[in-house]
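Mapping of the sequence shown onto the working numbering: position 76 corresponds to residue 95, and the numbering continues sequentially without gaps.
From the three backbone atoms N, C-alpha and C, an ideal C-beta is built for every residue, glycine too.
Because the structure is a prediction, the values reported are computed rather than measured.
Only one structure is covered here, and it is reproduced in the block below.
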Amino acid sequence: MIIFGHRGAPGYPRFGENTAVSFRKALEWSATGLEFDVRRCADGQLVVIHDETIDRTTNGRGRVADLTYDELSKFDAGFGSPIPRLADVLDEFGTRCLLNIELKETGIADDVKKLVLQRRLERHVILSSFQWQELKGAFPEIPLGLLSSKLADLISAARQLHARAIHPHKDIVTPSLIEAGRDAKLQIHVWTVNDPAEISRFRSLGVDGIFTDFPERCSTLVS
20 MIIFGHRGAP GYPRFGENTA VSFRKALEWS ATGLEFDVRR CADGQLVVIH DETIDRTTNG
80 RGRVADLTYD ELSKFDAGFG SPIPRLADVL DEFGTRCLLN IELKETGIAD DVKKLVLQRR
140 LERHVILSSF QWQELKGAFP EIPLGLLSSK LADLISAARQ LHARAIHPHK DIVTPSLIEA
200 GRDAKLQIHV WTVNDPAEIS RFRSLGVDGI FTDFPERCST LVS
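Next comes the structure, spelled out in structure tokens:
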């Protein structure tokens, strides 16, 4: 079972989320994959951050889309780490584990794909989104994962888009969904699973991976 550090290891806020130090800690604490979010900033560079603004996750304020990377890099996103660029995350972690890159806005898939292919990391990456049609341009070079908190059309859309995986919210995962995913030859990665009992339960159900804020809780389950 793949253990994705969900934005790194944000269960420990001092390391921030979606920061290089949080990613390093996640890998140190048993993660075998990293999940992170990507947006475009004002000068066109792709940066790793979940929210539309930097208010919650840094000591600054403002919209990501209104700030250049030079401006963004001056803020502390946790433990003295700046908001990283996607290029830098790919360079440091691209061959160390599986990377799940979530697109947080429209119109960036082609540029994400370009950075991944330039580094020949397509075998190390899954591209995911709640906006499934945004993923179309990345196929067939980069594997796709469809995020959803609802069951409706998830399996059929995954088949249509030739996705490798579905990423359902933990509350909609049932044995029948797992069986349907298996029949469609899809990997099943579940988010966000932090309770140790739930982690064990999903492993017993046979899912292929989980996203967690506490990767060290999975140290005895990594295979």
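| query | result |
| --- | --- |
| Using a Cβ-Cβ cutoff of less than 8 Å, which residues in the same chain neighbour L117 once the five nearest sequence positions on both sides are dropped? | I21, F23, T51, G52, L53, H143, V144 and I145 |
| Suppose you measure from the CA of W210 to the CA of H188; what does that come to, to the nearest Å? | 5 Å |
| Please tell me whether L163 and A182 are closer than 8 Å, where the distance is taken between their beta carbons. | yes |
| For R236 versus P215, is the C-beta spacing smaller than 8 Å? | yes |
| Is the CB-CB distance between A128 and E153 below 8 Å? | yes |
| Can you give me the C-alpha to C-alpha distance between I174 and A106, rounded to a whole angstrom? | 32 Å |
| So V40 and S100 are supposed to be a Cβ contact under 8 Å. How far apart are they, rounded? | 5 Å |
| Beta strand (DSSP E) containing A184: first to last residue? | A184 to P187 |
| Does I73 come out as helix, strand or coil in the three-state DSSP assignment? | coil |
| Please classify G225: is it buried, with 16 or more other beta-carbons within 10 angstroms of its beta-carbon, or exposed? | exposed |
| For S167, write down the residues that DSSP places opposite it in a beta bridge. | P187 |
| Within a Cβ cutoff of 8 Å, which residues of the same chain sit near D110, ignoring the five residues on either side of it in sequence? | R138 |
| Could you tell me which residues DSSP puts in a beta bridge with H25? | E54 |
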